[in-house]
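A quick write-up on the structure given underneath.
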Amino acid sequence: VVVEATASYEWFAQLVEPHAGRVLLAHPGKLRIIAQSTRKSDKLDARTLAEFLALDMISPAYRPTPRQREHRRLVRHRHYLRGRITSIKNRIRNILADYNADRPNLFTRAGLEYMREVTLLGADRFVLEGLLKELSLYYERIHAVEKQLHEFAKTAPPAEAAARKLLDTIPGVGPVTTEVFLSEIADLRRFSSQKKVTAYAGLAPGQRESAGHRRELGISHAGSGILRWVLNQASWQLVRRSERWRRIFEALAKRRGKKKAITAISRRLLCVMTSIVN
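Going by the UniProt record's numbering, the letters in the sequence shown line up with residues 1 to 278, in that order.
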């Protein structure tokens with residue numbers, strides 16, 4: 001049986017699995033004939049999938065195990081909460097900026113005390129107090145998720161536990177980067193090469209060749225956005241902490257600019273991480 005790997009495929013895959021010899025997930029990004037069709041309906045799409053399956057033309061997508069799905073759910077929820085915290089902090093700074101009252105270290109204990117004392121109009125004070133309460137709630141929620149992730153790691157099989165220890169030895173790679181890497185990559189055996197891993201992270205540079213001229217394009221931005229984001233953050237830490245990596249970054253930045261240089265560092269860091277746990 002073939003199932004298109006959309007957002008809510010798992011319940012259906014589990015439903016038909018006892019009655020099928022194999023459940024194959026079809027990669028939606030590689031089914032252009034369906035995506036670009038002018039005649040679309042569930043019946044027509046299902047027929048096209050069945051015909052592709054009969055002709056052995058399905059490009060399969062990876063199906064995570066129950067543990068891997070649980071891991072991803074926790075890690076992605078933490079990422080969502082971090083995004084909400086950042087958004088609330090920006091809104092708070094925007095309110096204070098209208099009074100020329102934005103300051104560094106606003107979200108320390110001293111900064112919170114300062115915000116309670118600064119003079120604001122009634123409506124802005126009301127909104128600010130609400131945002132501070134909301135921020136406190138999100139801090140509690142993210143603490144609960146991190147506690148859950150800590151408990152989750154305790155039940156790791158030997159290979160996963162060993163990978164965590166190995167990744168911890170890489171400068172710039174902390175617990176957040178490690179958990180994102182392990183949850184998003186899931187099983188390195190599904191990638192046949194390092195190029196496949198970098199492509200999954202959306203860090204593979206594109207190329208276009210025409211009339212004998214080759215032009216390098218930017219990265220694809222396909223695949224796992226959260227993995228690409230965390231590698232970017234870790235790469236900046238790596239460049240700050242490691243003299244060797246800083247020299248590589250500076251040499252790349254002179255030729256290609258800082259943005260492309262840090263992307264190249266992210267790509268190299270991903271290769272190091274996959275090599276060390278493989």
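For each residue, glycine too, the CB sits at the ideal point set by N, CA and C. Source: prediction; values computed, not measured.
Inter-residue CB distance, V173 and A234 (contact presumed, cutoff 8 angstroms): Sure, about 6 angstroms apart at Cβ, within 8 angstroms.
Within a Cβ cutoff of 7 angstroms, which residues of the same chain sit near E179, ignoring the five residues on either side of it in sequence? Excluding positions up to five away in sequence, the list reads V75, L149.
From T108 to R141, what distance separates their C-alpha atoms? C-alpha separation (whole angstroms): 18 angstroms.
Any chance you could list the beta strand (DSSP E) runs of at least 3 consecutive residues sitting entirely within the UniProt domain "Transposase IS116/IS110/IS902 C-terminal" (165 to 247), in chain order? The qualifying runs are 205 to 210, 213 to 219.
What residue does the alpha helix (DSSP H) around L149 start on, and which one ends it? For L149, the enclosing alpha helix (DSSP H) covers residues 122 to 154.
Candidates P205, L238, Q237: closest to A222 by CA position: If we check each option's Cα against that of A222, P205 comes out closest.
Is P60 helix, strand or coil when you go by DSSP? Three-state DSSP puts P60 in a strand.
A264 by DSSP, collapsed to three states: which one? DSSP places A264 in helix when its eight states are reduced to three.
Out of curiosity, what's the CA-to-CA distance linking R195 and V272? Correcting the residue type first, residue 195 is Lys in the shown sequence and not Arg. Their backbone Cα atoms lie some 13 angstroms apart in a straight line.
Out of curiosity, what's the CA-to-CA distance linking V118 and A101? V118 and A101 have their C-alpha atoms roughly 8 angstroms apart.
If I follow the unbroken alpha helix (DSSP H) through V16, where does it start and stop? Start and end: 10 to 16.
Just the C-alpha distance for Q237 and I265, rounded to the nearest angstrom, thanks. The straight-line gap from Cα to Cα measures roughly 11 angstroms.
Roughly how many angstroms separate the alpha carbons of M115 and S224, rounded to a whole number? Whole-angstrom Cα-Cα distance: 38 angstroms.
To which residues of the same chain is H71 closer than 6 angstroms at the C-beta, ignoring the five residues directly before and after it? Hits under 6 angstroms: S183.
Between the alpha carbons of E129 and Y80, how many angstroms are there, rounded? C-alpha separation (whole angstroms): 22 angstroms.
According to DSSP, is A159 helix, strand or coil? Annotated three-state conformation of A159 is helix, per DSSP.
Residue range of the beta strand (DSSP E) that L24 falls in? L24 -> beta strand (DSSP E) spans 24 to 26.
Check whether residue 288 and I85 have beta carbons under 8 angstroms apart: Residue 288 lies beyond the stretch modelled for the chain, which goes from 1 to 278, so this question has no answer here.
Is V118 helix, strand or coil by DSSP? If DSSP states are grouped into helix, strand and coil, V118 belongs with coil.
Which of helix, strand or coil does DSSP assign to V272? Helix at V272.
Given a threshold of 16 other Cβ atoms within 10 Å of its Cβ, counted over all protein chains shown, does A7 qualify as buried or as exposed? Flag for A7 reads exposed.
Alpha carbon to alpha carbon, what distance is there between I185 and S87? Distance between the alpha carbons of S87 and I185: 28 angstroms.
Taking the beta strand (DSSP E) that V1 belongs to, which residues open and close that run? Where V1 is concerned, there is no enclosing beta strand (DSSP E), given that its DSSP letter is neither H nor E.
Would residue 291 be called buried (16 or more neighbouring beta carbons within 10 Å of its own) or exposed? Nothing in the structure corresponds to residue 291, since the chain is present only between 1 and 278.
With R164 and L203 assumed to form a contact (beta carbons below 8 angstroms), what rounded beta-carbon distance in angstroms separates them? In this structure, R164 and L203 do not form a Cβ contact; the two beta carbons are roughly 22 angstroms apart against a cut-off of 8 angstroms.
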